[in-house]
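Under the numbering used here, the first residue of the sequence shown carries the number 1436, and numbering increases by one thereafter.
Quick reminder that beta carbons are idealized off the backbone N, C-alpha and C, glycines included.
Written below as structure tokens is the structure these notes are about.
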Amino acid sequence: MGSFVPDSCSYDLLTVIGMMGHSRWHRLSTSATVLVTRVAFSPIAGCGLEDLMTVNLGRYRPTGDYVAIRRINLESCTNEMVNFLQGELHVSKLFHHPNILPYRSIFISKNELWVITPFMAYGSAKDLISNHFTDGMSELAIAYILQGVVKALDYIHHMGYVHRSVKASHILIAADGQVYLSGLRSIFSLIRHGQRARVVHDFPQYSMKVLPWLSPEVLQQNLQGYDARSDIYSLGITACELANGHVPFKDMPATQMLLEKLNGTVPCLLDTSTIPPEELTMKPSRSGADSGIGESTGACGIRPSNGEPSQHPYNRTFSAHFHSFVELCLQRDPERRPSASALLGHSFFKQIKRRASDALPELLLPVSPIRNLECGQRHNDSTAALASLESSLGQLEVDDWDF
């Protein structure tokens, strides 16, 4: 798929995708093209761009391809926001890698900046664990997903950048199972005045939403600074997030989180090797999930359809290779963390036998990619079909994709 025409007339806007804060929906039309407008924006943590942005499912008329269209109201942007966007869009044009979300077109239409990207029919990895795999994904599915992320990080680091925002919501999965890393908004270049700096001292702007994933050295903000290995720590946190169904340190006050990380508290994968046997026999409850950092393990279990209590959701055993991978990534000393290039040769990835596009859709079953994208295009389509599509799209937390 190449670049698309930079002209709003080449795109049909179908419906708004996903949730931003506590947005409400208002349908303007259900015949021909479906147009949905967002009302009652709720402020969320971030740079403020989310409050000025609408993300539409769209169709590129010349080819019929479905795309995500990010529309940003430039008239309401501050100079700081515009500079922020310019940096992100510059990097998006610079990067060309099969595991980095491509920008198909960028242009201004009236008072809006339009950014066109492929539509991700599985949403993000966070969408998957929030809505389907609430106790974590299978190890093999995680291996396929993380391999794509590590390949993207290897490329980014070789280009002289630090990503600074690796997390499940920035891992997007297309209908064919291809894995993409997004979240370029926080990326930072190590190149200064033509020279590659050894470390960075810049603290990510608007980083409150990524605190649980940030490495100790980034949070510490001292003279030693940090480098690309801070992304490897974030990768380890993301691995725990995908395996456990939630991010370590979640709901922890920022100061306590900082102290835990600086004191060397290391999150882990929750399974039979890290949870005491007596806790694995406890009745599962959805009341509280273990953070993965040594607290009590109230489980995120579910009851099967027959009404009988299910087994403890963490009564499983991840491979020693997976535990080793996470432990290496989460080393307190960044010097002891492997590079992204070295991680690609880790034994954890030896279990991968096929391409992600061949294997991942099977591993994500019973979840299927969002389809029926034409349901709003034919006048005689049922209201139920349209409601189903909007319900599916509404589960995607696109404000956190950061494209």
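For residue i, the nearest candidate out of the options (CA to CA)
{"i": "L1611", "options": "S1792, I1541 and V1634", "result": "It is Asp, not Leu, that sits at residue 1611 in the sequence shown. Looking at the Cα atoms, S1792 is the closest of the given residues."}
{"i": "A1576", "options": "A1632, K1788 and R1599", "result": "K1788"}
{"i": "P1769", "options": "D1686, P1796, G1660 and F1684", "result": "G1660"}
{"i": "A1556", "options": "I1564, S1527, I1504 and A1609", "result": "A1609"}
{"i": "T1690", "options": "G1671, L1654 and T1707", "result": "L1654"}
{"i": "L1529", "options": "V1614, H1605 and M1594", "result": "M1594"}
{"i": "T1673", "options": "V1635, H1605 and T1700", "result": "H1605"}
{"i": "S1443", "options": "I1452, R1631, L1487 and R1506", "result": "R1506"}
{"i": "V1614", "options": "F1554, S1708, D1637 and L1697", "result": "F1554"}
{"i": "L1646", "options": "L1658, P1804, L1694 and R1806", "result": "L1694"}
{"i": "R1620", "options": "V1634, R1806 and V1601", "result": "V1601"}
{"i": "G1522", "options": "Q1630, R1806, Y1596 and L1616", "result": "Y1596"}
Spatial distance of residue i from residue j (CA atoms)
{"i": "P1712", "j": "R1751", "result": "11 Å"}
{"i": "E1547", "j": "Q1766", "result": "44 Å"}
{"i": "L1520", "j": "T1450", "result": "24 Å"}
{"i": "H1525", "j": "P1441", "result": "16 Å"}
{"i": "L1779", "j": "K1545", "result": "45 Å"}
{"i": "V1550", "j": "S1445", "result": "13 Å"}
{"i": "A1603", "j": "E1797", "result": "20 Å"}
{"i": "V1802", "j": "R1627", "result": "45 Å"}
{"i": "P1855", "j": "M1643", "result": "What is shown of the chain runs 1436 to 1838, which leaves residue 1855 out entirely."}
{"i": "L1705", "j": "Y1749", "result": "6 Å"}
{"i": "N1491", "j": "R1599", "result": "27 Å"}
{"i": "S1740", "j": "S1511", "result": "Low confidence applies to S1740: its pLDDT is 40, below 50, so where it sits in the model is not reliable enough to give any reading."}
{"i": "Y1495", "j": "Y1501", "result": "6 Å"}
{"i": "C1703", "j": "G1499", "result": "45 Å"}
{"i": "A1755", "j": "M1692", "result": "27 Å"}
{"i": "S1669", "j": "S1650", "result": "6 Å"}
{"i": "N1794", "j": "A1560", "result": "A small fix is needed here, since residue 1794 is Ala in this sequence, not Asn. So the two alpha carbons sit approximately 16 Å from each other."}
{"i": "A1475", "j": "L1487", "result": "Annotation note: pLDDT 26 at A1475 (below 50); position unreliable, no value reported."}
{"i": "L1448", "j": "L1800", "result": "30 Å"}
{"i": "T1707", "j": "L1715", "result": "8 Å"}
{"i": "Y1590", "j": "L1697", "result": "29 Å"}
{"i": "A1663", "j": "S1527", "result": "18 Å"}
{"i": "F1757", "j": "L1509", "result": "45 Å"}
{"i": "S1438", "j": "T1489", "result": "22 Å"}
Assigned exposure category for residue i - 16 Cβ within 10 Å defines buried
{"i": "T1513", "result": "exposed"}
{"i": "P1683", "result": "buried"}
{"i": "P1497", "result": "exposed"}
{"i": "R1771", "result": "exposed"}
{"i": "S1759", "result": "exposed"}
{"i": "M1710", "result": "Per the sequence shown, the amino acid found at residue 1710 is Ile instead of Met. I1710 is buried by the Cβ-count criterion."}
{"i": "H1747", "result": "buried"}
{"i": "R1539", "result": "buried"}
{"i": "I1805", "result": "buried"}
(request) Check whether the stretch 1580-1591 touches the stretch 1778-1788, counting contact only when three or more Cβ pairs, one atom from each stretch, lie closer than 8 Å. (result) Output reads yes: the stretch 1778-1788 touches the stretch 1580-1591.
(message) Measuring CB atoms only, is the stretch 1565-1576 touching the stretch 1673-1683, in the sense that at least three cross pairs come out at less than 8 Å?
(response) They touch, by the three-pair rule.
(message) For the pair the stretch 1772-1780 and the stretch 1524-1533, tell me if three or more CB-CB distances fall below 8 Å.
(response) Under the three-pair Cβ rule at 8 Å, the stretch 1772-1780 does not count as touching the stretch 1524-1533.
(message) Can you confirm whether the stretch 1509-1525 touches the stretch 1753-1767 when touching is taken to mean that 3 or more C-beta pairs between the two stretches lie within less than 8 Å?
(response) Judged by Cβ distances under 8 Å, the stretch 1753-1767 makes no contact with the stretch 1509-1525, as fewer than three pairs qualify.
(message) Give the list of continuous alpha helix (DSSP H) stretches no shorter than 4 residues that lie fully inside the stretch 1644-1723.
(response) For the stretch 1644-1723, whole alpha helix (DSSP H) runs of length 4 or above, ordered along the chain, are 1651-1655, 1664-1679, 1689-1697 and 1712-1715.
(message) Suppose only complete runs of 3+ residues qualify. What are the beta strand (DSSP E) ranges in the stretch 1538-1594, listed by chain order?
(response) The stretch 1538-1594 contains, as complete beta strand (DSSP E) runs of 3+ residues, the segments 1540-1544 and 1547-1553 (chain order).
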